[in-house]
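*Asks:* Structure provided below as structure tokens; questions to follow.
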Amino acid sequence: MIYFDAAATTLEKPARVRRAAAWAVNSLSSPGRGGHAAAREAEETAYRCRTEAAELFGVERPESVVFTGNATHGLNIAIRSLVKPGSRVVISGYEHNAVTRPLCAIDDVTLTVVDTPPFRADLAAEAFERALDLGADTVICNHVSNVFGCVQPVEEIAELCRLRGVPLIVDASQSAGVLPVRMDRLQAAFIAMPGHKGLYGPQGTGLLLCGAEANPILFGGTGSLSRLQDMPEELPDRLEAGTHNMPGIAGLLEGIRFVRQAGPDRIAAHERQLTRRLAEQLDALPGIRLWLAEEPEQQAGVLSFQAEGRDCEEFAAELGRRGVAVRAGLHCAPLAHRTAGTLDRGTVRVSFSAFNTPEQTDRFVGEIRDILRDNVT
Amino acid sequence: MTGPSFLHRDPGKPINWRVRGNTMDEYLLIVRSVTHAQHTARVLGQCGIRGTMLRAPTGLTDRGCSYAVRVRTGDMGAVMRCLNGAGLTPLEVFIREDGGYRRVTT
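Keeping their order, the protein sequence lines are chains A and B.
Going by the working numbering, the first residue of the first sequence is number 441, and it counts up by one from there.
Going by the working numbering, the first residue of the second sequence is number 585, and it counts up by one from there.
Written out as structure tokens, the structure reads:
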């Protein structure tokens with residue numbers, strides 16, 4: 441199989457991620473829940489994971505790195521901590537349902553959507569500034585669109601927020617492990633990310649980097665301050681009720697180590713190279729419409745396209761029958777499709793990881809050519 | 585904070601630690617969580633001070649399950665300076681005496 445769906449989950453993991461997760465199933469119990477060897481080993485693994493994540497993402501204290509089940513979980517905590525009924529919130533036009541649904545679940549939120557065209561970071565920064573000047577209580581922005589791969593100017597947006605004292609939530613779902621994501625530079629209130637995409641950890645893992653006071657959305661045992669009937673005030677326990685996903689965390693630790701050793705810059709360059717290679721070949725085919733940035737640095741390893749007269753889901757299903765995994769439809773991001781004008785039809789999305797190869801993109805183009813020629817869908 | 589206030593305690597007032605020459609005392613630093621215990625032990629290690637993490641004896645704290653870091657030192661002031669330099673403050677400090685522990689912060 442050719443797997444081009446890394447924006448959902450990186451399927452191919454470093455071998456040490458698989459080994460660590462398997463080891464943890466039989467070797468690690470619960471951190472903070474005992475003084476015995478299996479608990480201590482779990483504590484050490486969790487702490488190493490926090491520490492290495494803190495180093496990778498410029499977080500001053502490992503306590504501020506909170507384990508979550510996925511990016512959606514982290515975003516819900518962040519949004520529930522900052523957004524109250526009546527809040528004014530500014531978001532980009534490329535947000536995922538992981539942002540828009542939690543916002544819609546809070547009463548009387550006034551949403552301002554910065555709906556600039558894809559790959560126009562300059563226009564996005566100006567539009568965020570205008571929106572902030574009209575008044576905002578919170579800003580939420582993804583770093584990279586999960587549909588089009590367009591890179592948002594998060595550092596400029598963070599600076600605009602800092603100057604106005606407006607807290608910023610960054611959704612780093614598509615950028616963590618690939619682009620620079622630094623809490624010390626962004627000084628965001630929260631940065632949420634999955635563990636199972638660009639960090640190559642198992643599914644069921646995520647990180648929330650906390651730069652502001654956070655409120656729990658889950659209450660229960662933490663292994664600490666047990667007589668207290670409120671959740672502890674201190675991180676990470678405040679946000680980590682219940683037993684940890686130790687196989688996931690052990691795998692995530694090894695995934696983070698893989699990323700740090702390979703280098704996010706090198707991974708990003710590889711994925712961009714594949715994106716450009718694929719785009720050049722697809723662009724030569726009749727009836728293919730691509731969403732491609734003029735400047736390569738404005739796009740991560742995500743490429744959306746449509747085939748004229750073809751249904752995106754049927755097109756992706758045919759690719760699946762030919763052993764190619766892509767994702768089609770709205771990608772849980774109807775807002776992004778609305779902003780780009782593709783809400784009615786959706787797109788077929790190709791997304792890369794460090795393990796994809798140029799040969800795979802060439803074969804993929806061959807399959808597309810065959811589908812178009814044979815008029816299969 | 586909305587929980588039962590009787591479970592909380594002032595985390596402690598500054599103490600002028602005295603250097604006790606070559607005498608090594610055993611202290612228990614009660615900390616907020618297992619992660620804080622790990623961070624505390626790591627920071628102490630960077631200062632050349634060995635700290636051992638353990639679950640706090642039940643009778644030492646009224647907060648329920650807690651973690652502690654044990655240090656043996658003749659200069660507790662150096663320990664506290666090291667931790668304060670990293671922004672870490674134990675909830676409470678106990679000294680080992682006569683087979684038990686005596687609180688040295690209130």
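Glycine included, every Cβ here is placed at the ideal spot set by N, Cα and C.
Treat the numbers as computed from the prediction; the structure is a model and nothing was measured.
Assess contact between the stretch 711 to 725 of chain A and the stretch 515 to 535 of chain A, defined as three or more Cβ pairs (one per stretch) separated by less than 8 Å. Is contact present?
*Replies:* No: fewer than three Cβ pairs fall under 8 Å.
*Asks:* Measuring alpha carbon to alpha carbon, tell me which of A:Val579, A:Gly760, A:Glu673 ends up nearest A:Glu599.
*Replies:* The residue given as residue 599 of chain A occupies position 159 in the first sequence. Closest option to A:Glu599, Cα to Cα, is A:Val579.
*Asks:* Between which two residues does the beta strand (DSSP E) containing A:Gln746 stretch?
*Replies:* Taking the first residue of the first sequence as 1, we reach residue 746 of chain A at position 306. First-last of the beta strand (DSSP E) with A:Gln746: 742 to 747.
*Asks:* Quick one: complete beta strand (DSSP E) runs, 3+ long, within the stretch 485 to 539 of chain A?
*Replies:* The stretch 485 to 539 of chain A contains these whole beta strand (DSSP E) runs: 505 to 508, 528 to 532.
*Asks:* How long is the line joining the alpha carbons of B:Phe590 and A:Gln669, rounded to whole angstroms?
*Replies:* In the second sequence, the residue the question calls residue 590 of chain B occupies position 6. In the first sequence, the residue the question calls residue 669 of chain A occupies position 229. Only weak support exists for where B:Phe590 lies, its pLDDT of 36 falling under 50; the value from the coordinates is given anyway. Taking the straight line from one Cα to the other gives about 11 Å.
*Asks:* At a cut of 8 Å, does the stretch 670 to 684 of chain A reach the stretch 638 to 647 of chain A through at least three beta carbon pairs?
*Replies:* The stretch 670 to 684 of chain A is not in contact with the stretch 638 to 647 of chain A.
*Asks:* I'd like the list of long-range same chain contacts for A:Val576, defined as Cβ closer than 6 Å, with 5 residues on each side in sequence excluded.
*Replies:* Position 136 of the first sequence, counted from the start, is the residue given in the question as residue 576 of chain A. What sits at residue 576 of chain A in the sequence shown is Ala, not Val. Only Arg528, Val530, Val606 meet the Cβ criterion.
*Asks:* Can you tell me whether A:Met633 is helix, strand or coil according to DSSP?
*Replies:* For this step, residue 633 of chain A is matched to residue 193 along the first sequence. Strand.
*Asks:* Can you give me the start and stop residues for the beta strand (DSSP E) that A:Cys581 sits inside?
*Replies:* Translated into the one-based positions of the first sequence, residue 581 of chain A becomes position 141. Taken as a continuous stretch (DSSP letters only), the beta strand (DSSP E) holding A:Cys581 covers 578 to 582.
*Asks:* Please work out which residues of its chain come closer than 6 Å, Cβ to Cβ, to B:Gly587, disregarding the five sequence neighbours upstream and downstream, and give them in chain order.
*Replies:* In the second sequence, residue 587 of chain B corresponds to position 3, counting from 1. Summary for B:Gly587: the model assigns pLDDT 38, below 50, so the residue's position carries little reliability; its value from the coordinates is reported in the next sentence. Closer than 6 Å at Cβ, skipping near neighbours: no residue.
*Asks:* Say whether chain A places a C-beta atom closer than 8 Å to the C-beta of B:Cys649.
*Replies:* Along the second sequence, read from residue 1 onward, the residue named residue 649 of chain B stands at position 65. Output row for B:Cys649: interface = yes.
*Asks:* Would DSSP call B:Arg680 helix, strand or coil?
*Replies:* For this step, residue 680 of chain B is matched to residue 96 along the second sequence. B:Arg680: strand per DSSP, three-state reduction.
*Asks:* With distances taken from CA atoms, which of B:Gly669, B:Gly683, B:Thr673, B:Asp659 is nearest B:Val615?
*Replies:* In the second sequence, the residue the question calls residue 615 of chain B occupies position 31. Per the Cα distances, B:Thr673.
*Asks:* Whole angstroms is fine: what's the gap from A:Val766's alpha carbon to A:Ala448's?
*Replies:* Against the first sequence, residue 766 of chain A aligns to sequence position 326. Against the first sequence, residue 448 of chain A aligns to sequence position 8. Rounded to the nearest angstrom, the two C-alpha atoms are 9 Å apart.
*Asks:* What are the residues of the stretch 604 to 622 of chain B that lie near chain A, defined by any Cβ-Cβ distance shorter than 7 Å?
*Replies:* The stretch 604 to 622 of chain B vs chain A, Cβ under 7 Å: Arg616, Ser617, Val618, Thr619, His620, Gln622.
*Asks:* Looking only at its chain, what residues have a beta carbon closer than 7 Å to the beta carbon of B:Gly671, apart from the 5 residues adjacent to it on each side?
*Replies:* On the second sequence, position 87 is the one that residue 671 of chain B refers to. Closer than 7 Å at Cβ, skipping near neighbours: no residue.
*Asks:* With burial defined as no fewer than 16 other Cβ atoms inside 10 Å of the residue's Cβ, what is the status of B:Gly684: buried or exposed?
*Replies:* The residue labelled residue 684 of chain B in the question sits at position 100 within the second sequence. B:Gly684 should be labelled exposed.
*Asks:* A:Gly769 by DSSP, collapsed to three states: which one?
*Replies:* Counting from 1 along the first sequence, the entry for residue 769 of chain A is found at position 329. Residue state, collapsed to three classes: strand.
*Asks:* Per DSSP, B:Glu610 is paired with what?
*Replies:* Numbered from its first residue, the second sequence carries residue 610 of chain B at position 26. Answer by DSSP bridge pairing, in chain order: B:Arg656.
*Asks:* Between the stretch 622 to 646 of chain B and chain A, which residues of the former have CB atoms less than 7 Å from a CB of the latter, in chain order?
*Replies:* Here the close residues are Gln622, His623, Leu638, Arg639, Asp646.
*Asks:* Hey, how far is the Cα of A:Gln800 from the Cα of A:Gly760?
*Replies:* Translated into the one-based positions of the first sequence, residue 800 of chain A becomes position 360. Translated into the one-based positions of the first sequence, residue 760 of chain A becomes position 320. One C-alpha to the other measures close to 14 Å.
*Asks:* Provide the residue(s) that pair with A:Asp445 in DSSP beta bridges, ordered along the chain.
*Replies:* One-based indexing of the first sequence puts residue 445 of chain A at position 5. A:Ser791, per the DSSP bridge assignment.
*Asks:* Could you pull the DSSP bridge partners for A:Gln739 from this structure?
*Replies:* Translated into positions along the first sequence, residue 739 of chain A becomes position 299. For A:Gln739, which the question treats as bridged, DSSP gives the partners A:Cys590.
*Asks:* Under the three-state reduction of DSSP, which class applies to A:Ile728: helix, strand or coil?
*Replies:* Working through the first sequence from its first residue, we reach residue 728 of chain A at position 288. Reduced to three states, the DSSP call for A:Ile728 is strand.
*Asks:* Just checking my contact of A:Val587 with A:Ala773 at CB under 8 Å: how many whole Å lie between their CB atoms?
*Replies:* Counted from its first residue, the first sequence places residue 587 of chain A at position 147. Counted from its first residue, the first sequence places residue 773 of chain A at position 333. Indeed they touch by this definition, with Cβ atoms about 5 Å apart.
*Asks:* Tell me which residue opens and which closes the beta strand (DSSP E) that A:Asp419 is part of.
*Replies:* Here chain A covers residues 441 to 817 and nothing more, so residue 419 of chain A does not appear.
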